[in-house]
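Asks: The structure that follows is given in the form of structure tokens.
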Amino acid sequence: AANWRTDAQTFGRILLYQGDITRVDTDAIVNAANSSLLGGGGVDGAIHRAGGPAILEECRQIRARQGGCPTGEAVLTTGGALPASYVIHTVGPVWNGGTKGEAELLANCYRNSLRLAAENQLTSVAFPGISTGIYGYPKADAARIAVREVQAFLKENELPASVVFVAYDEEARWVYEQEL
Ligand code: ADP
100 AANWRTDAQT FGRILLYQGD ITRVDTDAIV NAANSSLLGG GGVDGAIHRA
150 GGPAILEECR QIRARQGGCP TGEAVLTTGG ALPASYVIHT VGPVWNGGTK
200 GEAELLANCY RNSLRLAAEN QLTSVAFPGI STGIYGYPKA DAARIAVREV
250 QAFLKENELP ASVVFVAYDE EARWVYEQEL
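Mapping to the numbering used here: the sequence shown position 125 is 224, numbers consecutive.
See below:
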């Protein structure tokens, strides 16, 4: 995992890696948070476990300042004990059959996370499959949106210089590979 880069596939400025995002040392990793910012299961739980209490404390301060984080938006904290320097917490939509604006909200997650990265001069960002776990978004549809939004953003912006899609399992990796 220290050498995740050797295992990643490269597609221009996009990399595809199958593994645990908490072990990835990009400038930032993205968390599939919930709007409370107070932690949850899935990748959110893994990030807070690996990153330690400093991240949750920063999330509490953001919460005190602005309430939670609305669906589709993103906030930045440091990475605590993680190998990544920062965590971008974004809140994906809960899948509700696809007629409740889920696709646009998911696209907003990618765009707003990338914008936050660019504004903070971050060079590399790693994304999990936002909404594709507990929130139930179909993996192939979510990967199509993720790839489309990241490619569009990279075309228009120099930063981040590279983006990593982190697939947690073989099925997710395959789905990204098809899109890329
Ligand atoms: P959501 O609530 O947005 O659906 P989840 O955390 O339940 O968020 O799942 C999002 C995605 O993250 C899923 O595809 C899941 O397989 C994946 N995932 C879970 N743990 C990790 C991890 N440690 N590293 C990378 N991806 C993970």
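For each residue, glycine too, the CB sits at the ideal point set by N, CA and C.
At a cut-off of 7 angstroms, would you count V265 as near the ligand ADP, judging by its Cβ distance to the nearest heavy atom?
Replies: Locating residue 265 in the sequence shown gives position 166, where the first residue counts as 1. Checking the Cβ of V265 against the ligand ADP gives yes.
Asks: With a threshold of 16 other CB atoms inside 10 Å of the CB of E269, please say whether the residue is buried or exposed.
Replies: Position 170 of the sequence shown holds residue 269. So E269 ends up on the exposed side.
Asks: Assign G228 to one of two classes, buried (16 or more other C-beta atoms within 10 Å of its C-beta) or exposed (fewer than that).
Replies: Numbered from 1 along the sequence shown, position 129 holds the residue referred to as residue 228. G228 should be labelled buried.
Asks: Is it a yes or a no for the segment 238 to 257 touching the segment 211 to 220, going by three-plus beta-carbon pairs under 8 angstroms?
Replies: A contact exists between the segment 238 to 257 and the segment 211 to 220.
Asks: Which residues in the same chain have their Cβ closer than 6 angstroms to the Cβ of A260, if we skip the five residues on either side of it in sequence?
Replies: Position 161 of the sequence shown holds residue 260. So the list reads T222, once near-sequence residues are dropped.
Asks: The ligand ADP and A180: does the residue's C-beta get closer than 7 angstroms to at least one heavy atom of that ligand?
Replies: Taking the sequence shown and counting its residues from 1, the one referred to as residue 180 is at position 81. For the ligand ADP, not one heavy atom lies less than 7 angstroms from the Cβ of A180.
Asks: In whole angstroms, what separates the C-alpha of A173 from that of P192?
Replies: Taking the first residue of the sequence shown as 1, we reach residue 173 at position 74. Taking the first residue of the sequence shown as 1, we reach residue 192 at position 93. Cα-Cα distance, rounded: 13 angstroms.
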